[in-house]
DNA sequence: AAATGCGCCAACCGCGTGCGC
DNA sequence: AGCGCACGCGGTTGGCGCATT
């Protein structure tokens, strides 16, 4: 990407590069992570020769350079899933992201703020009957998305929710195994989380 | 054609948590 | 038990680019 390279905001460490990443920096980071793995970001930043903080390297890797990142528009099914998950989980973007293979928490957060927040607000203002109607319509779109894309499937609806949610990028969501809202697993997950 | 407004998105920041020493 | 480091998360910022006037 690297569409900006203005140095952006003033920071505490003026000797460190800030702002948009260049293709060269991307290449260096990708090469280093490829060899040493995505860990110890502080040393990644130093040893890769990048004049960046570890945090920045981590973010760049997670949100852009990771090989399993899916770029491009959200599908209807993804769109719908985000709405539903947000209804249940709130602004827990990382949890939502784990249910959307190839999507990052940052991307989902941005997408929510840009596209879905208005939609959700609208939904809240609608009377219950209208919401049900909208939900039914979305259900149709969703079924369409499932059959065409076939990308979203759930590995397990319950069980070891924490391990499952950690995800490795391969797991996808399948509404067909779910109930009315397809989110019973979320409830069980939340119970597990609150217990711990 | 130029000016202005607005939406989108990459990136930064601060805070909380986990873990090793 | 306490401390410091590394990492993860969510909120926020700032600039680019498109749309509108």
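In UniProt numbering, the protein residues as written are 1 to 196. All residues carry an ideal CB built from backbone N, CA and C; glycine is no exception.
Residue of the options minimising C-alpha distance to residue i
i: residue 27; options: 18, 114, 95 and 57; result: 57
i: residue 51; options: 78, 20, 75 and 77; result: 20
i: residue 108; options: 79, 88 and 87; result: 79
i: residue 91; options: 66, 111, 68 and 39; result: 111
i: residue 24; options: 70, 88, 48 and 97; result: 48
i: residue 70; options: 97, 37 and 115; result: 97
i: residue 45; options: 93, 83 and 53; result: 53
i: residue 60; options: 93, 115 and 38; result: 38
i: residue 115; options: 82, 67 and 68; result: 82
Pairwise C-alpha distance: residue j and residue i
i: residue 149; j: residue 43; result: Residue confidence is low: residue 149 scores 35 on pLDDT, short of 50, so the model does not pin down where it sits. No coordinate-derived value is stated.
i: residue 62; j: residue 85; result: 21 Å
i: residue 120; j: residue 113; result: 10 Å
i: residue 105; j: residue 16; result: 25 Å
i: residue 117; j: residue 55; result: 28 Å
i: residue 72; j: residue 32; result: 26 Å
i: residue 41; j: residue 18; result: 16 Å
i: residue 65; j: residue 30; result: 7 Å
i: residue 89; j: residue 77; result: 18 Å
Buried or exposed by the 16-neighbour rule on C-beta atoms within 10 Å, applied to residue i
i: residue 22; result: exposed
i: residue 103; result: buried
i: residue 35; result: exposed
i: residue 101; result: buried
i: residue 75; result: buried
Item to check | Any alpha helix (DSSP H) of 4 or more consecutive residues that is wholly inside the stretch 45-94 | outcome: 54-60 and 76-89
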